[in-house]
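Below: the structure, in C-alpha cells.
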Amino acid sequence: MWVRQVILCTTVLLAIMLVQLTLLSRLGLPGATPDLLVVSVVAISFAYGPGAGAAYGFAAGMALDFSPAMDGTIGLTALLYLAIGALAGPLVDPRDRSVPVVIGVVALAAGAMPLAIALLETGLGNVRIDWGQVPLLVLSSALYGVILSPLVLPPVGWLVRKITPEALL
2 MWVRQVILCT
12 TVLLAIMLVQ
22 LTLLSRLGLP
32 GATPDLLVVS
42 VVAISFAYGP
52 GAGAAYGFAA
62 GMALDFSPAM
72 DGTIGLTALL
82 YLAIGALAGP
92 LVDPRDRSVP
102 VVIGVVALAA
112 GAMPLAIALL
122 ETGLGNVRID
132 WGQVPLLVLS
142 SALYGVILSP
152 LVLPPVGWLV
162 RKITPEALL
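Written out as C-alpha cells, the structure reads:
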C-alpha cells in the first residue's frame, strides 16, 4: 500500500511543480506568485495524515529549494512546508471538514508562507527583505490559495480514493 502512496505523492508533486514553475511563475500576477505546492501539501495532509503530509511537504520544499527559480536559503521552504504538512491534517477533525473550513486552512497556510519566510530570512541576516511588501504578499498568497483550492483539493482527493482507498483517515 505504501508503494502506491509514494507513487501517487511523487506524481502529484511532479505535476504541481511543473505547473507552478512553468505556468504560474510566469503569469505576472500582482502580489505573490500563486503557490500550488502549499495547496497540495494541505491536500496530502488531509488525505493521508500529518506524517505523510510532513514528508510530502519536506520533499516539495526541497524540490522547490533546488529549482533554478529559487534564490533563498536552501532548506527553509522545506522546513516550512514540513510544518504545514504536519499541522494541516490534524488541525481539523475529518468529520468537520466542510468546504469553508478546508479553504480557510489552505488560505491560512498560503498566507503564512510569505510571512514565515520573511521572518526567518530576516532572522538569518538577509537584508533584501522589503517589509513594506510583506502584507501585500501575505494577502495575495491567501487569496491565491482560496482560488486554487478547488482546482487541487478535489482531484487529489479523488486520486487518493481511487489509488489508495485503504489509506484514508
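Be aware that the sequence shown starts at 2, since it is given in our numbering, and climbs by one per residue. A virtual CB, placed ideally from N, CA and C, is assigned to each residue, including glycine.
Can the beta-carbon of L14 be found less than 9 Å from the beta-carbon of Y57?
yes
Are there 16 or more other CB atoms within 10 angstroms of the CB of F67, so buried, or fewer, so exposed?
exposed
Buried or exposed for P69, please, with buried defined as at least 16 other CB atoms from any protein chain shown within 10 angstroms of its CB.
exposed
Would M80 pass as a contact of M71 if the rule is Cβ separation under 9 Å?
It is worth fixing the name first, because residue 80 is Leu in this sequence and not Met. Cβ distance not < 9 Å, so L80 and M71 don't count as in contact.
Can you give me the Cβ contacts of T78 inside the same chain, cut-off strictly under 6 Å, excluding the 5 residues immediately before and after it?
G62, L65 and D66
Residues in its own chain within less than 7 Å of S130 by CB, not counting five upstream and five downstream?
Note that residue 130 is Ile in the sequence shown, not Ser. Closer than 7 Å at Cβ, skipping near neighbours: A119, E122 and T123.
Would you grab the beta carbon distance between A44 and L154 for me? Rounded to a whole angstrom, and I think it's under 8 Å.
5 Å
Here's the rule I'm using: 16 or more other beta-carbon atoms within 10 Å means buried, otherwise exposed. How should E97 be labelled?
Rather than Glu, the amino acid found at residue 97 in this sequence is Asp. Looking at its Cβ environment, which holds fewer than 16 other Cβ atoms inside 10 Å, D97 is exposed.
Leaving out the 5 sequence neighbours to the left and right, which residues in its chain are closer than 6 Å to D111 when beta-carbon positions are compared?
Residue identity differs from the one stated: residue 111 is Ala in this sequence, not Asp. For A111, where only same-chain residues beyond five positions count, the Cβ hits under 6 Å are D36, V39, S142, A143 and G146.
Host alpha helix (DSSP H) of I130 (start-end):
Counting along the chain, I130 falls outside any alpha helix (DSSP H), and DSSP gives it neither H nor E.
Taking a contact to mean a Cβ-Cβ separation below 9 Å, would you say A55 touches G86 in this structure?
yes
So, for L137: in the same chain, excluding its five sequence neighbours on each side, which residues have a beta-carbon less than 6 Å away from its beta-carbon?
G32
On the criterion of 16 or more Cβ atoms from any shown chain inside 10 Å, does G254 qualify as buried, or is it exposed?
The displayed coordinates of the chain run from 2 to 170. Any statement about residue 254 would go beyond what the structure contains.
Would you decide whether T165 is buried or exposed? Buried here means 16 or more other CB atoms lie within 10 Å of its CB.
buried
R27 (DSSP reduced to helix, strand or coil):
helix
Between the Cα of Q21 and those of L149, R162 and W159, spot the shortest distance and give me the residue it belongs to.
L149
Report all residues from its chain with a CB closer than 6 Å to the CB of V107; omit the five preceding and five following residues, and keep chain order.
V40, V43, G146 and S150
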